[in-house]
Every structure is written in C-alpha cells, then in structure tokens.
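Numbering (this note's numbering), first residue to last: 1233 to 1578. Structure first, then comments.
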Amino acid sequence: MTTVAAYAAPAAKAPLERTTIERRAVREFDVLIDIRFAGICHSDIHQVHEGWGEAIFPMVPGHEIAGIVSEVGPGVTKFQVGDRVGVGCMVDSCRECDNCKAGLEQYCTGGNVGTYNAVGKDGEPTYGGYAEKIVVDENFVVTIPEGLALDEAAPLLCAGITTYSPLKHWNAGPGKKVAILGMGGLGHMGVKIAHALGAEVTVLSQSLRKQDDGLKLGADHYYATSDEATFKELAGTFDLILSTVSAPLNLDAYLSLLKTDGAFVNVGAPEEPVALNLFSVIGGRKTLAGSGIGGIQETQEMLDFCAEHGFGAEIELIRADEINEAYERVLASDVRYRFVIDTATI
Ligand code: NAP
Ligand code: ZN
Ligand code: ZN
C-alpha cells in the first residue's frame, strides 16, 4: 500500500479538501500511474452532490486522468515505465459478458467498476483522479499519443469518448447535419469531433455568449435556445442532435428540430427525470436514444483520432485548492471548456 495525497469530499455536498488515501500495492497486471492532470467532469459534481442516488464518502472524484507509468506488475505487457497513459470512467468489468467481449465494457451486464464512487472486485472502494497516483489494471489503461499534450488530453478520457462514441455510432459525417446541444465540457468536444468527422455542425446553446469560440472550434452555425425564433427557423433540420445538457430539458421542443428518421441522442445525465410527449417521436419516425461513455478499445481509437487531427480539449488549468470554485463555475455554465487540475498542486 502507498499513501498518496488527494482531494476528497468528506460527505455529500461538502466542499472538497486535501486528504490522504491508500493505493493498493501493484498486482500482477497492474500499472502504477503518477497522475499529472485530472479533468473536472460535471458527473463529478452530480456525484459529490449525491444527485444520482446514494454515494460513497469520502469521495475522491476524477475520471479524466492523464499521467506517466511509474511501475508495472510482472504480468503487464501493454505498458512500460515512462509511458504516457490515460484512465477514464472504468477501472474493471466482468470481462466475460457479451458486451465486454464486444469491447462495450461500459455496458457490462455483470457491472463494471467505476473509477471512483464504486466498489472494486476486492471489496475496496475506488478513488478517482484528484490524487497524486492511481493503480489500475492494464486492460483499463490507454496510451496517450505523443502528439497530444497531457493536460489537454485528460478531458478526452470522458468528454472526448462520450461524444466520439455516439457521433460515430450515429454516422456523423459528410452530408449530415449535426446539432450539439450545450457548449460545455462534452459539448465543445462534440463540436470538434463532429467537425473533424466532416459533419455540418450547429451549436444550440442557451445564449450566444460562447458563439465566437464555437465557430472557432469548428461549428458552422450557432443558435441561442433562449430565442424562440430558433425553434421556428430550425424545425425539421437535423439528422442528429447530441444533447450534453446536464439539466432537465424540453425534449419535445428539440425533437421537433429533427428531420424524418432523425435521432436525438442524449448523453447528459440530469438529476431529475424529464417529460416526453410520445407524439414527438411518432411523427417523423424519430429516434430517441442514449449513450454512455465508450469502450476501452474505442477510447484508444478516439485518442488516436484526436492526435491525428491535432486537437485535445480547450482547458483552464487550475490548482487543487481552486476545485470548489471551479465546481461553482461549471454549475453556472461558465466553463471554457474544461477545468483541469494540475495534480502537482495537491
Ligand atoms: P458542463 O461542462 O457543465 O456542460 C453542460 C452544458 O449544458 C452547459 O455548458 C450548458 O451549455 C448546458 N446547460 C447547463 N444547464 C442547462 C440548462 N438548465 N438548460 C439548458 N442547457 C443547460 O457539463 P459536462 O461535463 O459537459 O457534462 C454534461 C452532462 O453529461 C452532465 O450531466 C454529465 O453528468 C453528463 N455525462 C454523461 C456521460 C455519459 O456517459 N452519458 C459522460 C460524461 C458526462 P450552454 O452554456 O451552451 O447552454
Ligand atoms: Zn465524465
Ligand atoms: Zn461484462
């Protein structure tokens, strides 16, 4: 066991504070990672607030982890000391179900193990990336390509893969009109990735405050959803709408923006249920779907894709003692576009 410094919420809704946690000794297939950077995902805030149900405290959030391998177990074949690596939202899964065998560990029917706020197969609680080090089985570690800076790569481990996976699955590409709903951590990655895939990209944001940035990141059009004229003008426009909104929203209004056979794919995870008038999907044979992160192999594919296209996330690098303030800014939709913790400041 190694004692490492970390930032944790001691109880639900409590501010995060510096503490220490124990990391297990490296086992046969484990990799010890010196964490350099950890992104702040809105999911961290939902869980610290216990917005998704009962959670485990103290909680060390963080599932956008970038660092350097500092030790490997004797059975490890994928990694060596010094490698640049990432860890996302999962650190284990059953590895036997059809989904795991198909590289869809995020939908493991035996239950995957979350990077934090979960219990590992050894019965111990898991602690996430707001820490100096982490120990992870090599099968849940990915390589960060040389072309990506580690700090800008960290958010790809959740925000990147969560947008890449559905954009690929629903065939965002040339000739497709894709709307990204919400221009936050996930949303800004959705814009970059959908643009790189060749789609015509529209941002639907609450206001036009971030319009210049959206257009720079690759959006072709930018609309404010606070303006009712937007819904009239864009009715029946999109092949695909990817919603990254963290709060309940008016699904019926957004479904009206789809073409016939269009799909509204939700990745946002609000704490409250949303209402739906089923006529909104009957007319126009529309699809309402959801998507969760992505598998491990697909996460590697996404990192390679981002490196090839020469982009990571747009980040604001912060010190660990600024985490609570950063949470407030995320809640106010005032993130541009991902806070990343420099873990050397823990
Ligand atoms: P974020 O950075 O806070 O971005 C969310 C964006 O949603 C905001 O920037 C804002 O965009 C928009 N928004 C927020 N409140 C709104 C409201 N009341 N009405 C309309 N729009 C609103 O959060 P994130 O880290 O990208 O995460 C987004 C959501 O995805 C969270 O719920 C998170 O838990 C979830 N998530 C899901 C998965 C998955 O696997 N499915 C993975 C990661 C995260 P504008 O300012 O442009 O309006
Ligand atoms: Zn996340
Ligand atoms: Zn499984």
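From the three backbone atoms N, C-alpha and C, an ideal C-beta is built for every residue, glycine too.
C-alpha distance - residue i paired with residue j, whole-angstrom precision
{"i": "Pro1306", "j": "Val1367", "result": "14 Å"}
{"i": "Arg1441", "j": "Thr1347", "result": "34 Å"}
{"i": "Val1317", "j": "Lys1310", "result": "11 Å"}
{"i": "Leu1508", "j": "Thr1251", "result": "44 Å"}
{"i": "Asn1349", "j": "Pro1398", "result": "25 Å"}
{"i": "Val1410", "j": "Leu1487", "result": "13 Å"}
{"i": "Glu1303", "j": "Asn1371", "result": "15 Å"}
{"i": "Asp1553", "j": "Pro1247", "result": "11 Å"}
{"i": "Val1292", "j": "Tyr1396", "result": "26 Å"}
{"i": "Lys1245", "j": "Gly1407", "result": "45 Å"}
{"i": "Cys1332", "j": "Asn1344", "result": "9 Å"}
{"i": "Thr1469", "j": "His1274", "result": "29 Å"}
{"i": "Ala1241", "j": "Ala1456", "result": "35 Å"}
{"i": "Lys1464", "j": "Ile1578", "result": "49 Å"}
{"i": "Ile1297", "j": "Asp1315", "result": "14 Å"}
{"i": "Thr1375", "j": "Ile1300", "result": "10 Å"}
{"i": "Asp1354", "j": "Asn1556", "result": "31 Å"}
{"i": "Gln1443", "j": "Lys1424", "result": "14 Å"}
{"i": "His1427", "j": "Glu1254", "result": "42 Å"}
{"i": "Gly1283", "j": "Glu1560", "result": "15 Å"}
{"i": "Phe1496", "j": "Arg1259", "result": "43 Å"}
{"i": "His1278", "j": "Val1308", "result": "34 Å"}
{"i": "Ala1404", "j": "Val1236", "result": "42 Å"}
{"i": "Leu1388", "j": "Arg1568", "result": "15 Å"}
{"i": "Leu1466", "j": "Leu1489", "result": "6 Å"}
{"i": "Cys1321", "j": "Leu1481", "result": "25 Å"}
{"i": "Val1572", "j": "Glu1249", "result": "17 Å"}
{"i": "Ala1287", "j": "Asp1276", "result": "11 Å"}
Nearest candidate by alpha-carbon position, reference residue i, set the options
{"i": "Thr1234", "options": "Gln1312, His1420, Glu1364", "result": "Glu1364"}
{"i": "Trp1402", "options": "Asn1371, Leu1429, Gly1355, Glu1560", "result": "Leu1429"}
{"i": "Gly1419", "options": "Trp1284, Val1258, Met1291, Glu1546", "result": "Glu1546"}
{"i": "Phe1289", "options": "Glu1356, Arg1551, Arg1268", "result": "Glu1356"}
{"i": "Ile1550", "options": "Gly1271, Leu1535, Val1435, Glu1540", "result": "Gly1271"}
{"i": "Ala1243", "options": "Val1351, Val1374, Val1280, Ile1376", "result": "Val1280"}
{"i": "Gly1285", "options": "Gly1417, Thr1457, Val1567, Pro1505", "result": "Pro1505"}
{"i": "Asp1383", "options": "Gln1532, Phe1269, Val1374", "result": "Phe1269"}
{"i": "Ala1386", "options": "Asn1371, Tyr1362, Ala1431", "result": "Tyr1362"}
{"i": "Gln1529", "options": "Val1319, Ala1411, Leu1380", "result": "Val1319"}
{"i": "Arg1580", "options": "Ile1267, Gly1283, Leu1336, Thr1358", "result": "Residue 1580 lies beyond the residue range present for the chain, which begins at 1233 and ends at 1578; the question has no answer from this structure."}
{"i": "Asp1452", "options": "Cys1326, Glu1432, Gly1516, Gly1515", "result": "Glu1432"}
{"i": "Ser1458", "options": "Pro1247, Thr1469, Glu1557, Val1435", "result": "Val1435"}
{"i": "Leu1483", "options": "Gly1522, Tyr1454, Ala1461, Tyr1455", "result": "Gly1522"}
{"i": "Gly1494", "options": "Ile1514, Lys1518, Pro1480, Ala1479", "result": "Lys1518"}
{"i": "Thr1531", "options": "Lys1245, Glu1560, Ala1404, Gly1335", "result": "Gly1335"}
{"i": "Ala1238", "options": "Asp1262, Glu1260, Asp1266, Lys1245", "result": "Asp1266"}
{"i": "Ala1391", "options": "Asn1556, Ser1478, Tyr1454, Val1308", "result": "Ser1478"}
{"i": "Val1562", "options": "Glu1540, Met1415, Val1373, Cys1321", "result": "Met1415"}
{"i": "Tyr1294", "options": "Val1301, Asp1444, Val1323", "result": "In the sequence on display, residue 1294 carries Gly and not Tyr. Closest option to Gly1294, Cα to Cα, is Val1323."}
{"i": "Met1421", "options": "Tyr1559, Cys1538, Gly1283", "result": "Cys1538"}
{"i": "Thr1492", "options": "Gly1516, Ala1485, Leu1481", "result": "Gly1516"}
{"i": "Thr1575", "options": "Leu1466, Asp1276, Gly1360, Ala1287", "result": "Gly1360"}
{"i": "Phe1261", "options": "Cys1321, Ala1287, Ile1277, Val1373", "result": "Val1373"}
{"i": "His1541", "options": "Glu1548, Leu1413, His1278, Leu1380", "result": "Leu1380"}
{"i": "Tyr1454", "options": "Ile1412, Ala1485, Pro1480, Leu1489", "result": "Ile1412"}
{"i": "Thr1394", "options": "Glu1548, Phe1543, Met1534", "result": "Met1534"}
Residue burial classification, residue i (beta-carbon count within 10 angstroms, cutoff 16)
{"i": "Val1313", "result": "exposed"}
{"i": "Ser1565", "result": "buried"}
{"i": "Leu1510", "result": "exposed"}
{"i": "Val1351", "result": "exposed"}
{"i": "Glu1328", "result": "exposed"}
{"i": "Gly1526", "result": "buried"}
{"i": "Ile1514", "result": "exposed"}
{"i": "Ser1512", "result": "buried"}
{"i": "Ser1437", "result": "buried"}
{"i": "Arg1570", "result": "buried"}
{"i": "Ser1325", "result": "buried"}
{"i": "Glu1378", "result": "exposed"}
{"i": "Ala1461", "result": "exposed"}
{"i": "Asp1330", "result": "exposed"}
{"i": "Gly1417", "result": "buried"}
{"i": "Ala1558", "result": "buried"}
Next item on the list: Could you say if the stretch 1332 to 1344 and the stretch 1498 to 1515 meet the contact criterion of at least three C-beta pairs nearer than 8 Å?
Entry: The answer is no - the stretch 1498 to 1515 does not touch the stretch 1332 to 1344, with fewer than three Cβ pairs under 8 Å.
Margin query: Give the list of continuous alpha helix (DSSP H) stretches no shorter than 4 residues that lie fully inside the stretch 1410 to 1460.
Written below: 1417 to 1428, 1443 to 1448
Next item on the list: Starting from the N-terminal side, write out each stretch of the beta strand (DSSP E) that is 3 residues or longer and does not extend beyond the stretch 1294 to 1346.
Entry: 1297 to 1304, 1316 to 1319, 1322 to 1324
Check: Quick check: the stretch 1444 to 1456 against the stretch 1471 to 1478, are there 3 or more CB pairs under 8 Å?
Finding: no
Item checked: Residue ranges of each alpha helix (DSSP H) within the stretch 1492 to 1554, 4 or longer -> 1511 to 1514, 1528 to 1541
Checklist line | 3 or more residues per run - each beta strand (DSSP E) lying fully within the stretch 1462 to 1494 | finding: The stretch 1462 to 1494 contains these whole beta strand (DSSP E) runs: 1470 to 1475.
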